[in-house]
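Worksheet for the structure shown next.
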Amino acid sequence: GKFKNKFRVIAITETWLKNEIMDKIQMEGYELYFANRTNRRGG
Numbered sequence: 033g034k035f036k037n038k039f040r041v042i043a044i045t046e047t048w049l050k051n052e053i054m055d056k057i058q059m060e061g062y063e064l065y066f067a068n069r070t071n072r073r074g075g
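At position 28 of the sequence shown (counting the first as 1) the number is 60 in the numbering used here, and the numbers step up by one without a gap.
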């Protein structure tokens with residue numbers, strides 16, 4: 033999708049995203065930074 037305005041910062045926290053879908057949420061022109069926990073749930 034296209035947005036009318038370009039955002040400077042977009043933040044998502046406390047997600048349950050998995051490595052397998054990271055390429056599906058990537059938006060053109062933006063960098064995606066994340067730190068997954070591999071051995072347990074966070075909180």
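The beta-carbon is built from N, C-alpha and C at its ideal position, and this holds for glycine as well.
* Starting from the Cα of I44, find the closest Cα among L64, K56, I53, R69 and give me that residue. => On the sequence shown, position 12 is the one that residue 44 refers to. For the residues L64, K56, I53, R69, the minimum Cα distance to I44 belongs to L64.
* Out of curiosity, what's the CA-to-CA distance linking K34 and R69? -> Along the sequence shown, one-based indexing puts residue 34 at 2. Along the sequence shown, one-based indexing puts residue 69 at 37. Roughly 31 Å separates the two Cα atoms.
* Asked: Just curious, the alpha helix (DSSP H) that M54 is in, first and last residue?
  -> In the sequence shown, the residue the question calls residue 54 occupies position 22. First-last of the alpha helix (DSSP H) with M54: 54-57.
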